[in-house]
Every structure is written in structure tokens, then in C-alpha cells.
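All remarks here apply to the structure that follows.
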Amino acid sequence: MKSFKSIKIIFSIFFIVNLVSCASHKKINRQISKVFCSEEFYFALDKSSELVKIKYQGEHWGKTKYPDYQSTFRDAIEELKSNSKIKMEYKHVLGFPSDKIIKVNVIIKSIEWEFKETSATMRTELLYEMPNDTIYITGVNKVIIGGSKTGNLMKSLKDGTYKFLTDFCTN
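Just so we're aligned, residue 6 is where the sequence shown starts under the numbering used here, counting upward by one.
See below:
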């Protein structure tokens, strides 16, 4: 009987931790649905971003596969797109200039993953380049339990792009 109660307590703690760690991710999904923008965006991740390595701070354990930055960025754009009314596409290459579409070249400048006793925070410094403007933004993803490089990077890229769209479309 005691072992069943222990399992129930462990399961409850695990459930609460998962619920809390996904909260900011789900919050972005809700908030992006309220952002209106008449512009259409094409996003491409600059090839130089592939050279950026994740810098670790604090004690961590476990090794996960290094992310494919292009597909991780594509997934972040696709998830934002599926939760919003904003017209946006991921493009591997931006192509020729257009008056109708805002083409945004995104460069990852740095990725830092800070581990504390009970949480981990990934900060991704991003540069959003457009023909007439450049915007620096930090995408952040904080979780209660570490997670994978790919999952945390996708969520920090999603956060950064959400901040970019919110800033661009409301100003």
C-alpha cells in the first residue's frame, strides 16, 4: 500500500512539473493568436548560425543529440504559424526582394543554457535582418527540468520570433 502511495505522489509531482514547464510555451501559442499583422513574412535562418555552439553554465548531465538548426527553426516558424493569423513561411533561402513580402534573415548570434538546481534556462541571441531594419531579440525558454537541446532551442527560437512579430506588428 505504501509503494502505491509513493508512486502516486511521484506521478503527481511529475505531472505538475510538466504542466508548469510547458506553461510559457502554451502562453505564446495563445498570445500569438491575438496578434494581427497585415504583412506577410518569409523567414530564413542564416547559414552562419550553424557554426554557433551552445555555451553551458552550471552543472548538467546527460547528452542529447546536437540540433539541426535549420529544421529546428523551421519547426518554430511552423508552430507559430499554426497558432496565428499572421501570414508567415519558413524558406531555406529568401530569394529576390519583394514589395509584398517582408523577407527576414535570422542570425543566431549566441546560445547560452544556464542550469540551476531546479531549472534550466536557454537564451538565444537573435538578429532579425530586413532590407530597411535590423532588430536584436533574445529568445528565452525556461523549464523546470532540463530537456533536450532541440526542444529548448525550438522553444527559444519560437519565443524570439514571437517577440519579433509582436514588436513589428504593434509598432
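Where is the CB? At the ideal position from N, CA and C, for every residue including glycine.
Notebook entry, point to check: CA-CA distance, Y71 and K60?
Noted result: Computed Cα separation, rounded: 12 Å.
Next item on the list: Using the Cα positions of S54 and K90, report the straight-line distance between them to the nearest angstrom.
Entry: If I take the Cα positions, the gap works out to 28 Å.
Margin query: Closer than 8 Å is the cut-off here; do at least three beta carbon pairs connect the stretch 127-138 with the stretch 100-112?
Written below: As far as the Cβ criterion goes, the stretch 127-138 touches the stretch 100-112, which means the pair count is three or higher.
Next item on the list: Take E45 and list the residues in its own chain whose beta-carbon comes closer than 6 Å to its own, dropping the five residues that flank it on each side.
Entry: Excluding its 5 nearest sequence neighbours in each direction, E45 has C-beta neighbours in its own chain below 6 Å: K92, I106, listed in chain order.
Next item on the list: Give the DSSP-derived three-state secondary structure of N137 in the structure shown.
Entry: In the structure shown, N137 falls within a coil segment according to DSSP collapsed to helix, strand and coil.
Item checked: Proximity winner among R128, A49, F41, relative to F101 (alpha-carbon distances) -> Residue A49 holds the alpha-carbon nearest to the alpha-carbon of F101 among R128, A49, F41.
Check: Can you list, in chain order, the residues of its chain whose CB lies under 8 Å from that of T120, leaving out five sequence neighbours each side?
Finding: In the sequence on display, residue 120 carries Phe and not Thr. Contacts found: Y61, Q62, G63, E64, H65, G151.
Checklist line | Beta carbon of K160 nearer than 8 Å to that of N146 | finding: Taking the C-beta atoms as reference points, N146 is found nearer than 8 Å to K160.
Item checked: T4 versus F173 - alpha carbon distance -> Within the shown structure, residues of the chain are numbered from 6 to 176, placing residue 4 beyond reach of any answer.
Item checked: Straight-line Cα distance separating N137 from E122 -> CA-to-CA, the gap between E122 and N137 works out to about 43 Å.
Check: Near E117, which residues of its chain fall below 6 Å by C-beta distance, leaving aside the five closest residues on each side in sequence?
Finding: Within its own chain, the residues whose Cβ lies closer than 6 Å to the Cβ of E117, once the five positions on either side in sequence are excluded, are K60, R128, listed in chain order.
Notebook entry, point to check: Mapping DSSP to helix, strand and coil, what is F48?
Noted result: DSSP places F48 in strand when its eight states are reduced to three.
Notebook entry, point to check: Is K163 closer than 8 Å to I33 when the C-beta atoms are compared?
Noted result: Taking 8 Å as the Cβ cut-off, I33 and K163 qualify as a contacting pair.
Notebook entry, point to check: So which of Y141, L158, I142, Y95 has the shortest CA-CA distance to A125?
Noted result: Just measuring C-alpha positions, the residue of Y141, L158, I142, Y95 sitting nearest A125 is L158.
Margin query: Let's see if you can read the secondary structure: which residues bound the alpha helix (DSSP H) around N157?
Written below: Going by DSSP, N157 is part of the alpha helix (DSSP H) stretching over 154-175.
Notebook entry, point to check: When the Cα atoms are used, what is the spatial distance from D51 to K68?
Noted result: About 26 Å.
Next item on the list: Please classify L85: does DSSP put it in a helix, a strand, or coil?
Entry: Per DSSP, reduced to three states, the secondary structure at L85 is helical.
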